[in-house]
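A short worksheet on the structure shown next.
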Amino acid sequence: MSMEKRELIYEGKAKRVYATDQPGQVIQEFKDEATAFDGKKRGVIAGKGKVNAQMSDIIFRYLEKHGIHTHHVKLISENELLTWWLEMIPVEIIVRNYAAGSLAKRLGYPERTEMKSPIVEYYYKNDELGDPMLAREHIRELGLASDEQLDEMTSIALRVNEILRPFFEARGIILADFKLEFGLREGRILLGDEFSPDVCRLWDAETGEIMDKDRFRRDLGKVEETYAEVLRRVSEEQAGVAASVYVSPKKGVLDPAGQATLGALKSLGYEEVREVRIGKYITLRLEGVEADKAEERVREMCERLLANPIIEDYRVEID
Ligand code: 5GP
Numbered sequence: 000m001s002m003e004k005r006e007l008i009y010e011g012k013a014k015r016v017y018a019t020d021q022p023g024q025v026i027q028e029f030k031d032e033a034t035a036f037d038g039k040k041r042g043v044i045a046g047k048g049k050v051n052a053q054m055s056d057i058i059f060r061y062l063e064k065h066g067i068h069t070h071h072v073k074l075i076s077e078n079e080l081l082t083w084w085l086e087m088i089p090v091e092i093i094v095r096n097y098a099a100g101s102l103a104k105r106l107g108y109p110e111r112t113e114m115k116s117p118i119v120e121y122y123y124k125n126d127e128l129g130d131p132m133l134a135r136e137h138i139r140e141l142g143l144a145s146d147e148q149l150d151e152m153t154s155i156a157l158r159v160n161e162i163l164r165p166f167f168e169a170r171g172i173i174l175a176d177f178k179l180e181f182g183l184r185e186g187r188i189l190l191g192d193e194f195s196p197d198v199c200r201l202w203d204a205e206t207g208e209i210m211d212k213d214r215f216r217r218d219l220g221k222v223e224e225t226y227a228e229v230l231r232r233v234s235e236e237q238a239g240v241a242a243s244v245y246v247s248p249k250k251g252v253l254d255p256a257g258q259a260t261l262g263a264l265k266s267l268g269y270e271e272v273r274e275v276r277i278g279k280y281i282t283l284r285l286e287g288v289e290a291d292k293a294e295e296r297v298r299e300m301c302e303r304l305l306a307n308p309i310i311e312d313y314r315v316e317i318d
């Protein structure tokens with residue numbers, strides 16, 4: 000399909016937005032330019048535009064698959080996304096699983112402390128004011144979003160966290176925190192902006208190494224390499240693991256279905272049958288886990304739900 004790229008509508012610090020010949024759709028072109036600390040620090044991260052566009056494409060498609068409505072349409076070149084145009088709500092929603100950045104600083108909380116449960120914060124998207132933190136009452140006072148909209152954005156943000164934490168974990172990455180932006184299309188709230196190492200904190204699960212824009216902010220080096228590595232891990236197709244679970248009543252445990260079948264078989268003339276035990280056969284498919292880990296998880300599922308370990312035996316097979 001030929002997509003016509005028309006006039007530049009908006010240029011931000013990390014993206015350019017262009018009109019298209021498709022009604023209601025725009026092109027987001029991701030730049031290599033990077034800024035931090037309210038634009039006081041500037042630089043270029045070679046390949047960042049490409050990584051951020053491609054990672055956003057993967058993450059938005061994954062979120063859509065899990066029931067989150069986003070502005071995403073598709074990736075149209077290595078650093079351009081086609082998206083729905085949204086009337087943006089000027090509130091940044093931040094979800095934190097671990098202390099870092101401004102939270103660690105503001106509350107004097109040691110970096111990398113795990114939150115007891117995920118924390119949601121609101122910030123005013125306003126460069127002149129330096130994106131100040133907002134309470135719900137400030138949002139109401141300024142009329143930035145209605146209470147219903149704020150509730151909806153908050154619950155979507157927590158849901159995104161529930162979807163993405165295991166997604167990253169399966170790729171050896173801890174999702175420490177992230178920022179979301181939402182907008183309206185035909186009165187409906189959609190997740191907008193991007194999802195990339197520019198807008199979240201990612202830590203290597205094994206080494207603890209920083210794998211996000213903090214490498215640029217804090218001059219940690221290997222910035223380009225790290226962005227490329229994140230894209231590589233996120234792109235990896237997780238083949239998935241098939242598991243079979245056989246559950247049967249333990250020997251000596253009363254099994255009414257087995258007893259009834261035994262009686263029926265005998266009455267049909269199968270005198271040689273001494274014992275019948277009737278169980279169940281369950282198949283599962285797991286995504287984003289290694290086979291070893293999958294077996295451990297499925298055994299846990301058997302103990303907790305799939306079988307009754309007091310009266311039933313189970314056997315797990317992993318393909
Ligand atoms: P903090 O409040 O600790 O600076 O940021 C929390 C998280 O939100 C980090 O992952 C950070 O990258 C992201 N974040 C917060 N504000 C902004 C912003 O204005 N721009 C971008 N790109 N990310 C932000």
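In numbering that gives the first Met the number 0, the protein residues as written are 0 to 318. Even for Gly, the Cβ is constructed at its ideal location relative to N, Cα and C. As the structure is a computational prediction, the values presented were derived from the model and not from experiment.
heavy atom of ligand 1 below 8 Å from residue i C-beta
i, result
"Ile-102", "Going by the sequence as given, residue 102 is Leu instead of Ile. Yes, since a heavy atom of ligand 1 falls inside the 8 Å radius drawn around the Cβ of Leu-102."
"Lys-40", "no"
"Asp-176", "yes"
"Ala-45", "no"
"Arg-200", "yes"
"Ile-123", "In the sequence as displayed, the identity of residue 123 is Tyr instead of Ile. No - ligand 1 has no heavy atom lying nearer than 8 Å to the Cβ of Tyr-123."
"Ile-209", "no"
"Lys-221", "no"
"Ala-13", "yes"
"Ala-99", "yes"
"Asp-31", "no"
"Arg-212", "One point to set straight first is that residue 212 is Lys, not Arg, in the sequence displayed. Result yes, Cβ under 8 Å from ligand 1."
"Asp-218", "no"
"Asp-130", "yes"
"Asp-197", "yes"
Closest residue to residue i among the options (Cα-Cα distance)
i, options, result
"Asp-31", "Asn-78, Ala-256, Gly-107 and Lys-265", "Asn-78"
"Asp-318", "Val-240, Glu-271, Glu-235 and Glu-286", "Val-240"
"Arg-15", "Gly-46, Gln-21 and Leu-80", "Leu-80"
"Ala-98", "Arg-200, Gly-66, Gln-24 and Asp-312", "Arg-200"
"Gln-27", "Glu-120, Leu-85 and Asn-307", "Leu-85"
"Glu-3", "Lys-12, Glu-235 and Gln-21", "Gln-21"
"Gln-53", "Leu-267, Ile-310 and Val-229", "Val-229"
"Val-288", "Asn-307, Glu-235, Val-272 and Lys-178", "Glu-235"
"Ile-92", "Ala-156, Glu-316 and Ile-162", "Ala-156"
"Ala-169", "Arg-232, Leu-62 and Leu-133", "Arg-232"
"Tyr-122", "Ile-138, Val-25 and Leu-62", "Ile-138"
"Ile-172", "Asp-211, Lys-178, Gln-148 and Arg-187", "Asp-211"
"Val-50", "Ile-277, Tyr-313 and Ser-195", "Ser-195"
"Arg-60", "Asn-125, Val-159 and Glu-6", "Val-159"
"Gly-46", "Arg-273, Met-300, Val-222 and Val-246", "Val-222"
"Ser-247", "Asp-176, Met-152 and Val-275", "Val-275"
"Ser-258", "Lys-249, Ile-277 and Leu-267", "Before going on, a small fix: residue 258 reads as Gln here, not Ser. For the residues Lys-249, Ile-277 and Leu-267, the minimum Cα distance to Gln-258 belongs to Ile-277."
"Glu-286", "Asn-125, Glu-63, Cys-301 and Pro-165", "Pro-165"
"Lys-73", "Gln-24, Arg-187 and Leu-267", "Gln-24"
"Val-119", "Ile-310, Asn-96, Gly-268 and Val-272", "Asn-96"
"Ala-227", "Asp-197, Gly-251, Asp-176 and Gly-207", "Asp-197"
Local Cβ density within 10 Å of residue i, reported as buried at 16 or more and exposed below that
i, result
"His-71", "buried"
"Glu-270", "exposed"
"Thr-319", "With the chain running from 0 to 318 in the structure shown, residue 319 is simply not present."
"Leu-128", "exposed"
"Arg-135", "exposed"
"Tyr-280", "exposed"
"Ser-55", "buried"
"Asp-150", "exposed"
"Leu-253", "exposed"
"Gly-225", "First, the amino acid is wrong: residue 225 is Thr here, not Gly. Label assigned to Thr-225: buried."
"Arg-303", "exposed"
"Val-94", "buried"
"Ile-44", "buried"
"Asp-146", "exposed"
"Ile-58", "buried"
"Ala-256", "exposed"
"Ala-263", "exposed"
"Lys-249", "exposed"
"Glu-63", "exposed"
"Lys-178", "buried"
Contacting residues, own chain, Cβ-Cβ under 8 Å from residue i (five flanking each side not counted)
i, result
"Leu-219", "Ile-209 and Asp-213"
"Leu-189", "His-68, Thr-69, His-70, Trp-83, Leu-85, Phe-181, Gly-182 and Leu-183"
"Pro-109", "Ala-98 and Ala-103"
"Glu-161", "none"
"Glu-294", "Ala-242, Val-315 and Ile-317"
"Glu-185", "none"
"Pro-131", "Tyr-122, Tyr-123 and Asn-125"
Cβ neighbours of residue i in the same chain (closer than 6 Å, five flanking residues each side left out)
i, result
"Lys-12", "Thr-34"
"Arg-216", "Ala-35"
"Thr-282", "Ser-243"
"Arg-284", "Gly-239 and Ala-241"
"Leu-143", "Pro-89 and Val-90"
"Ile-8", "Val-16 and Ala-18"
Residue i CB to nearest heavy atom of ligand 2 below 8 Å
i, result
"Ile-93", "Ligand 2 is not part of the structure shown, which contains ligand 1 as its ligands."
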